[in-house]
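Comments concern the structure below.
In the numbering used here, the protein residues as written are 699 to 1062.
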């Protein structure tokens, strides 16, 4: 039976809160409505400071958790108003939360997402499911990426290799090959370093239409240093985030005399090269991009140039809105959880077994 779910996603790029309303029975998924709301600048700045490893008090931590819960609730109420639906029409909300630290290695791996699910449930009147990553990590997995299971659901079943690349703050890849298990893992920085450099030198939140990057030239020596990062050579399963690829990491790669536009061009080439290197392990097929990187024409051009024989496009061409993909995934994961179904793929995350993910918060 088709049921309605809301999915909420705010990624490592911190460029806003995406929310979608979908209908799904677990097999079919249909997008009904979507909206995006920017973060309040002060809240975004505090989250960036926390995700960058800045020390905060328990008081600030609690405030951020509560403020995010309220911000998510406001976006859900906007979505309901736009769709003409009521809280009673929605089975559940699947909320990814805002990742502030992701540490899949070490003796006690963990991942922390803020955004109070209790507050979100109480303020919307809708059952809310959040904290999707930690059960997988408790079972020995990376807790990420979780979206490949959804990619299989909506984009699988092709007769040739299909790679789905989400280019958010971090880029991750899903491999959908005929008669083969789904594979997926983080590849490296997506938009994160591009946005950071652009914001630092122009004040703009991102490089619209790659205008800054197009004014520069790729610096081969810098590109070599970026590609020499040891994490890139690790085998899957693997995941990463702002904990590694941040402004301190980038500054260590620079000599200090590079032109601003040249660094931007090289960072774009870094993202495209890291993705293409992974794709080249597979027979030429189709590479579909989703996430904010799908709006960067230079990234799409470079991927096509680096992958001759491949069809490079966005997931829009396959009928799935590239801007809604991740939020739709967490709506679908909410359906899985509410129906007692596993949401992770152990072949992707490295967990010991499939698991029902998330914590359920009833509204009452």
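Think of the CB as a built atom: it goes at the ideal place given N, C-alpha and C, for glycine as much as any other residue.
Residue i, enclosing beta strand (DSSP E) - first and last residue
i            : result
residue 980  : No beta strand (DSSP E) holds residue 980; DSSP gives it neither H nor E.
residue 1019 : No beta strand (DSSP E) contains residue 1019, which DSSP labels as neither H nor E.
residue 869  : 868 to 874
residue 710  : Looking at the DSSP string, residue 710 is not in any beta strand (DSSP E), and its letter there is neither H nor E.
Alpha-carbon spacing of residue i relative to residue j, whole angstroms
i            : j            : result
residue 1021 : residue 718  : 10 Å
residue 803  : residue 784  : 42 Å
residue 1062 : residue 911  : 51 Å
residue 846  : residue 880  : 7 Å
residue 949  : residue 955  : 12 Å
residue 792  : residue 1028 : 5 Å
residue 704  : residue 814  : 16 Å
residue 799  : residue 940  : 8 Å
residue 916  : residue 865  : 20 Å
residue 886  : residue 766  : 26 Å
residue 971  : residue 822  : 43 Å
residue 920  : residue 743  : 29 Å
residue 831  : residue 989  : 20 Å
residue 909  : residue 1032 : 39 Å
residue 805  : residue 883  : 21 Å
residue 789  : residue 701  : 7 Å
residue 876  : residue 855  : 7 Å
residue 987  : residue 699  : 30 Å
Extent of the continuous alpha helix (DSSP H) to which residue i belongs
i            : result
residue 947  : 945 to 951
residue 894  : 890 to 900
residue 768  : 756 to 781
residue 817  : 815 to 822
residue 1038 : Premise fails: residue 1038 is in no alpha helix (DSSP H) and is neither H nor E.
residue 728  : It is not in any alpha helix (DSSP H) - residue 728 instead sits in the beta strand (DSSP E) that spans 727 to 735.
residue 925  : 918 to 925
residue 912  : 909 to 912
residue 845  : Unbroken run through residue 845: none, as it is neither H nor E.
residue 934  : Neither: residue 934 is in no alpha helix (DSSP H) and is coded neither H nor E.
Beta-bridge pairing of residue i - partner residues as DSSP gives them
i           : result
residue 828 : 1057
residue 984 : 860, 1009
residue 794 : In the DSSP output, where bridge partners are listed per residue, residue 794 has none listed.
residue 800 : 809
residue 887 : 868
residue 746 : Note: residue 746 sits in no beta bridge, so no partner.
residue 997 : DSSP lists no partner for residue 997.
CA nearest to the CA of residue i, picked from the options
i            : options              : result
residue 913  : 941, 923, 958, 879   : 958
residue 934  : 1026, 840, 1059, 813 : 840
residue 946  : 750, 979, 889, 1040  : 750
residue 968  : 791, 891, 1028       : 891
residue 1059 : 807, 825, 761        : 825
residue 944  : 895, 808, 960        : 895
residue 709  : 889, 816, 1011, 899  : 889
residue 867  : 1041, 713, 723       : 713
residue 1054 : 755, 844, 737        : 844
residue 975  : 863, 763, 898, 829   : 863
At least 3 beta-carbon pairs within less than 8 Å: the stretch 972 to 983 vs the stretch 1007 to 1016:
yes
Tell me whether the stretch 709 to 723 and the stretch 731 to 739 touch, counting them as touching only if at least three CB pairs, one residue from each stretch, are closer than 8 Å.
yes
Between the stretch 767 to 777 and the stretch 1027 to 1041, do at least 3 Cβ pairs fall closer than 8 Å?
no
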